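Right, one structure below, let's go through it.
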């Protein structure tokens, strides 16, 4: 794993955007794996800003999001589909038909999992996957104990994950209990992975990733076995213990 240390969140977002934009310019038809939550918001803002100033085109880019809450339609204000529209898709020239997010309000969640996995495969796989990391080591919505061999599947969210995401809802009770998530094996098939880590709340998770063993009890640990992972982490996340 390559570790890029930056000073703060804004610089992390800028460096991540520079990396993604470079890949898009090299390969205009790239397949991107995208994440949601607070961590990548700055990245998407930088991508939008670059598109407006430098006219980087996304017309031939295809995107696949990691996950979606079960039971939420794409029009729900707390859905990840609407999140992506709000923060990125509505502000660049990407074709909406090329943007893919699991369907959360499907009548057949198990079939949706299979269909989503097959959709990624039909497009030739993901070239570059953006990830964040949960305080318990989850990537996507793959909670501790998830099999490293898992593909897109239905996930029961842990109390800690629901509490962490409650700030986006009116109350904890409104946070869905389940989600559809790309599996760990799905993520690991990506040809390149960029992991964004910011803030002292993620310091323990980053330390565990870098210094701990590869174990299903800490899902992100599997990233140590991937041949092309770049970690972009700010000083608050790295801390004194991990600083060079």
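Residue numbers (our numbering): 17 to 260. Beta carbons: idealized from backbone N, C-alpha and C, even for Gly. The structure displayed is predicted, hence computed values, not measured ones.
Between residue i and residue j, what straight-line distance do the alpha-carbon atoms span, to the nearest angstrom?
{"i": "residue 204", "j": "residue 146", "result": "12 Å"}
{"i": "residue 238", "j": "residue 79", "result": "23 Å"}
{"i": "residue 200", "j": "residue 211", "result": "14 Å"}
{"i": "residue 250", "j": "residue 223", "result": "13 Å"}
{"i": "residue 161", "j": "residue 197", "result": "14 Å"}
{"i": "residue 76", "j": "residue 111", "result": "8 Å"}
{"i": "residue 218", "j": "residue 74", "result": "31 Å"}
In its own chain, which residues sit with a C-beta less than 7 Å from the C-beta of residue i, not counting the 5 before and 5 after it?
{"i": "residue 121", "result": "87, 88, 89"}
Kindly indicate which three-state DSSP category residue i falls into: helix, strand or coil?
{"i": "residue 65", "result": "helix"}
{"i": "residue 79", "result": "strand"}
{"i": "residue 262", "result": "Limits of the chain in this structure are 17 at one end and 260 at the other, which puts residue 262 out of reach."}
{"i": "residue 245", "result": "strand"}
Could you pull out every residue in the same chain whose Cβ sits closer than 8 Å to the Cβ of residue i, ignoring the five residues on either side in sequence?
{"i": "residue 41", "result": "72"}
{"i": "residue 126", "result": "170"}
Do residue i and residue j have their C-beta atoms closer together than 8 Å?
{"i": "residue 163", "j": "residue 221", "result": "no"}
{"i": "residue 63", "j": "residue 108", "result": "yes"}
{"i": "residue 57", "j": "residue 103", "result": "yes"}
{"i": "residue 177", "j": "residue 154", "result": "yes"}
{"i": "residue 70", "j": "residue 117", "result": "no"}
{"i": "residue 29", "j": "residue 61", "result": "yes"}
{"i": "residue 182", "j": "residue 214", "result": "no"}
Is residue i close to the ligand GDP? I mean its beta-carbon at under 7 Å from any heavy atom of the ligand.
{"i": "residue 160", "result": "Only the bare structure without any ligand can be found here, which leaves the ligand GDP out of the picture."}
Near residue i, what residues of its chain come up, given a Cβ to Cβ distance below 6 Å and the 5 sequence neighbours on each side ignored?
{"i": "residue 157", "result": "83, 171, 195, 197"}
{"i": "residue 192", "result": "85, 86, 87"}
I want to see whether chain D comes within less than 8 Å of residue i, judged by CB atoms only; does it?
{"i": "residue 208", "result": "In the displayed structure, chain D is absent; only one protein chain is listed."}
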